[in-house]
Structure formats: structure tokens, C-alpha cells
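Here is the structure we will look at.
Numbering (my numbering), first residue to last: 1 to 540.
Here it is, written out as C-alpha cells:
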């Protein structure tokens, strides 16, 4: 540095801007030398690898798997008079490596399968071009290269936003869209439906937020879970999402203490996922009451009239019949045994007609057991404390068991109804996939819905299979190597990979693939019918 400053040339060439200086030098980093040279009025021409830009440090480590310990502040490069991007294609660079022009011949093969992997080089090129474009340093001749980049850098990044009924939800959605756009990430809106024992209508605000999400270029996913925060975070991890956007709650401190805070739990359990909390734009104010759409409350499953009538009759008669039949063995059975027998009657009534007849059966069984089996007999008075405890325990257990049995019975009816709706939706989705022009968007929806690792559409090119569109992590090159595959058109196959699916998801996916086959057959039959009407030959 002293020799250069003394000579004071007009231009100095400095190689590898990010490297450290020799120990004992006046500066620790080479870019600090450059700043001093510039301050002395000496122009500098220097070189820098894309992976050494400070703002790209985390992204480069994710792409290459190698942490970069040497970096240059973005401001140093952004202050340059001009930046020339040496746009060498991955194939050219790999060719130079293979010929030992960059590394020794012994290390060439290892380098080609490691840092100089074609996908890694392509991702680094994409990162460099994007950085130059964002800092207005891109040369005019490379504008078309940025426009052709397409997807995000490296592994597609996703930004998740939680959909809620808060009045500020649209503001949160727009903010999440801005965050996703800044990092060229995919925006995914998530709504968590908390399971209950009733069939609840869809919240009235959800349709509007889904519409806005679509207008912002995002995708919608609905999940189910008791713990909202953990359900969202587990989905974020499975989707490889790096950022989660939540709207600040307006709930009181009392509500948070009673029900817990989704935001606090998300922050504490997020791990490497970045959590953005969007504050409300306006102060809280009393909510205005609006007329609800549709039914005011959740809709209950109603059993047939004859079945309900039989349940009420059984609630009255079964405890009486059981008590009368077992009266001859009262001395050996005693009160505890009689209560257990009557518990069976309560369960039977709950299965037949639900929780309300089961309550009546519990009351009748209580009276009959007390009157005939609790000393003093033939009286509703209870003489022993142990018998009183047994009767109270029976009422509590019978009520709980009756409610749970009723819940399971109604759940079976609701499940059948939901399965019918699911089949109709699967049929509609299959028809859409067969006829849609947006193949990548369609298979991305399939992948998210069924929790797949990856999905792709393969097409037959004379003698081999080629990938037409792919999403997620997939290495499928032929239909035979896929976990699931189905033909969606002549010479086109939907291939799916799934290693983390549950048995329920696998069963639903199998049903979906069956619907695709049916849709394909309907499409072929339609083509045959049109050909026959037109007098032409039927398609093969």
C-alpha cells in the first residue's frame, strides 16, 4: 500500500476484493485498502465473486452448503462507478474446471460434484444478476437475462401469511405480498380451522381474503389443528418457508392469559423461520355489529325422526327394564354393579339418538338405582356416603361417556357428508388439471394439498421422457420412478413423489388420481363423440 501511494498511479488493479490482507498490513480486509486508494484519488479496478456479497451470505450458504467467511459490504460495491458482470454460463465454467484451468486435475472431479455443480452455479448467477438489478447496476445488455430468470434464487422461497378475521387482515396481506415481492418469493396464505364437535360454516370474511390473496398472486391453503401456532409452523417447515407474517392481535391481556398468544408461541417456536409482526394501522375501536350471512350458529347434525323417537323411548325404558331384571340378584350385584349395567344403557341410548336422550337415560338410571339398590331400599334417601359418591360418579361418567358417544356418532355422519363433498371437489380439480393451460400452477396446488415432496409433468419425446414442468424437490425422470403417476393426456404423465404423507393423505391422493383417470376417459369419450358427429376417424 505504501509503495502504491508513493507512486500514485492513475489506476490500480486489485484482485479478489473480499480476501483478507497479509497479517501485519495496515488494514484487515482488502476492500479497506481499496477505500484508502480511492480516497487518495487513485482509480481501482477489482474483482469479486458473487458469493462474497454481504447481503447474499445466507442465501449463498443455503445454495452451496458452504458458509462464506469473507464478505464485502454491499455499500462498497453499490458505490462503484460501474460494475461489469462476467456472465459465464455454468457449462462454460464447468468445462474450464474439467480441463484443470481453475483447480488442479486431482481436485477437478470433486469440485464439479461440489461447489461447481451446475445447479449451484446457475443459482449463483441468478443471485448476482438479481442483486445488480435491485441496485440499478445492471448493464443494458443483461436486462434480458434478468427477465429470463423466472423463479426465485436456488430453492424457491415462500412467505406464509396467516389469515384471520381481524379488521386489519387486508393490510397484513398486502404487507406480506410486499415482503414476498422483495425477495422474489411465493406468497402462501394459511387459514387454520380448529376442529369442533359441530359443523361450522366458513367464516364470512374468509372469501374476501382469499380473493385478495389471489389478486396479489398468492396461493391459499387450509389446515386443521388445535394449536394454531404450531400447525402454521409445521406447515412452514414442510414447505421450506423462510418467513411468516402475522397480524398484531387486538385481544386484551386477559384473553391472552386465558387462551394463550399465537404470536408469542410462534416467535418462541419459530427457530430459523423469520416472523414478521404487522402492527394495526388504526387504533382499536368497538366493532360494529353486522348481520351475519346464513345461519347464526353452527349447524348440528340431525338424526332421523324415527331414530330420535326410539332413542327417547329407550331412555325411559332401558334403565327400568335393566333394574327390574337385576333386582333378584341385588344382594350380590349391589349398587356399583347396577350403576355399571345402567352405564351400558346410557351408551346405547347415546348411540341411538345423541346426548339429549342420554341425559334422560342417566336421570332415569340414577333414580332407579337409588330407589332399588341403595340402602335404605325403596326410598330416594341415600344412607351411606360411599353410595352417594358412587351415584354422583355415575352421573358424571355417564354424562361424559354419553356426550363422547354422541360426538362420535355425529362425527360419522359428518365424515360421510364431508367425503361426498371431497369427492365432488376432487372430480372438479381433476377436470381442471386435464384441461388447464397453467400446468405448473395446477401441479403446485396438488403438491401443497397432499403434502408431496415434489410433482412434475413428464412428456414423451419420441424415445425418452422429458420434464415439461416441475415443482418442489423432485428427481423423477420416468413414470416408473415416481411414487404415484397418472396419464393426463396423450404422451403426458403427472408424476408425484411423497415420502412424508400420512395414510389419510395417501388415500385421498389415490382417490384424486382415480378422478384424473375418469376425467381423462371422459375427455377421450368426448373427443370420440365429436369425431363421430363430424364424420372423422376416432382418436387412438
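Note that beta-carbon positions come from the ideal geometry of N, C-alpha and C, so glycine has one too.
Keep in mind the model is a prediction, meaning the values are calculated, not measured.
Which partner residues of residue 208 appear in the DSSP bridge assignment?
Answer is none; residue 208 lacks a bridge partner.
Could you give the distance in angstroms between the alpha-carbon of residue 345 and the alpha-carbon of residue 193?
The alpha-carbon separation between residue 345 and residue 193 amounts to approximately 35 Å.
Residue burial classification, residue 243 (beta-carbon count within 10 angstroms, cutoff 16)
Only buried fits residue 243, as 16 or more other CB atoms lie within 10 angstroms of its CB.
Would you please verify whether the beta carbon of residue 83 is less than 8 Å from any beta carbon of chain C?
Note that chain C does not occur in the displayed structure, where there is just one protein chain.
With a cut-off of 8 Å on the beta carbons, I'd call residue 68 and residue 76 a contact; round off their distance for me.
With a Cβ gap of about 16 Å, residue 68 and residue 76 do not count as contacting.
Determine the closest residue to residue 119 out of 160, 64, 137, with distance taken between C-alpha atoms.
Nearest in C-alpha terms to residue 119, of all of 160, 64, 137, is 64.
Please look up how many angstroms separate the CB atoms of residue 496 and residue 481, rounded, as I've assumed it's under 8 Å.
The distance from the Cβ of residue 496 to that of residue 481 is about 11 Å, inconsistent with a contact at the 8 Å cut-off.
Nearest-angstrom Cα separation, counted from residue 335 out to residue 374
Rounded to whole angstroms, residue 374 to residue 335 spans 6 Å at the Cα level.
Residue 472 and residue 492 look like a contact to me (Cβ under 8 Å); what is the Cβ gap, rounded to whole Å?
About 18 Å separates the CB atoms of residue 472 and residue 492; that is not less than 8 Å, and the two are not in contact.
Which residues does DSSP list as the beta-bridge partners of residue 158?
As computed with DSSP, residue 158 is found in a beta bridge with 186.
Nonlocal neighbours in the same chain, by C-beta distance under 8 Å from residue 71, ignoring five residues either side:
Cβ neighbours of residue 71 beyond the five flanking positions: 18, 52, 53, 54, 57.
Exposed unless 16 or more other CB atoms sit within 10 angstroms - verdict on residue 157:
Under this definition residue 157 is a buried residue.
Judging by CA-CA distance, which residue of 159, 133, 307, 218 is the nearest neighbour of residue 245?
Cα-wise, what sits closest to residue 245 is 159.
So, using beta-carbon positions, are residue 279 and residue 248 closer together than 8 Å?
Taking 8 Å as the Cβ cut-off, residue 279 and residue 248 qualify as a contacting pair.
Give me, in chain order, the residues of the same chain whose beta-carbon lies closer than 7 Å to that of residue 102; leave out the 5 immediate sequence neighbours on both sides.
For residue 102, same chain residues with a beta-carbon under 7 Å away, outside a window of 5 residues either side, are 96 in chain order.
Helix, strand or coil: how does DSSP classify residue 222 here?
Strand, per DSSP.
For residue 213, which residues of its own chain have a beta-carbon under 7 Å away from its beta-carbon, when the five flanking residues on both sides are left out?
Here the set comprises 173, 189, 220.
Where the alpha helix (DSSP H) containing residue 462 begins and where it ends
In the DSSP assignment, residue 462 falls outside any alpha helix (DSSP H) and carries neither an H nor an E.
Taking 7 Å as the limit between beta carbons, can you name the residues of its chain near residue 73, skipping five residues before and five after?
For residue 73, where only same-chain residues beyond five positions count, the Cβ hits under 7 Å are 54.
I think residue 379 touches residue 339, with their Cβ atoms under 8 Å apart; what is that distance to the nearest whole Å?
Not a contact, Cβ separation roughly 17 Å.
For the beta strand (DSSP E) that contains residue 247, what are its first and last residues?
243-247 is the span of the beta strand (DSSP E), which, as asked, contains residue 247.
Taking residue 46 as part of the beta strand (DSSP E), name the residues at either end of that continuous run.
Its beta strand (DSSP E) spans residues 43-46.
Using the beta-carbon count (16 or more within 10 Å), is residue 209 buried or exposed?
Buried, since its Cβ has 16 or more Cβ neighbours within 10 Å.
Close Cβ partners of residue 354 (< 6 Å) along its chain, the five nearest in sequence each way excluded
406, listed in sequence order.
Fully enclosed by the stretch 44-121, which alpha helix (DSSP H) runs are 4 residues long or longer?
You should have 57-64, 74-78, 90-98, 105-113.
Under a Cβ-count criterion, where at least 16 other Cβ atoms within 10 Å of its own Cβ denotes burial, should residue 31 be classed as buried or exposed?
Burial call: buried.
Of all the options 125, 141, 367, 306, which has the alpha carbon lying nearest to the alpha carbon of residue 324?
Measuring from the Cα of residue 324, the nearest candidate turns out to be 367.
Taking residue 613 as the reference, which of 349, 34, 457 has the closest Cα?
Past the boundaries of the shown model lies residue 613; the chain is included only from 1 to 540, so the question cannot be answered.
Taking the CB atoms as reference points, tell me whether residue 318 and residue 361 lie closer together than 8 Å.
Yes, these two residues count as a Cβ contact at 8 Å.
Please classify residue 107 as buried or exposed, where buried requires at least 16 other C-beta atoms within 10 Å of its C-beta.
With fewer than 16 other Cβ atoms within 10 Å, it is exposed.
How is the alpha helix (DSSP H) around residue 268 delimited, first residue to last?
Per DSSP, the continuous alpha helix (DSSP H) segment holding residue 268 begins and ends at 262-269.
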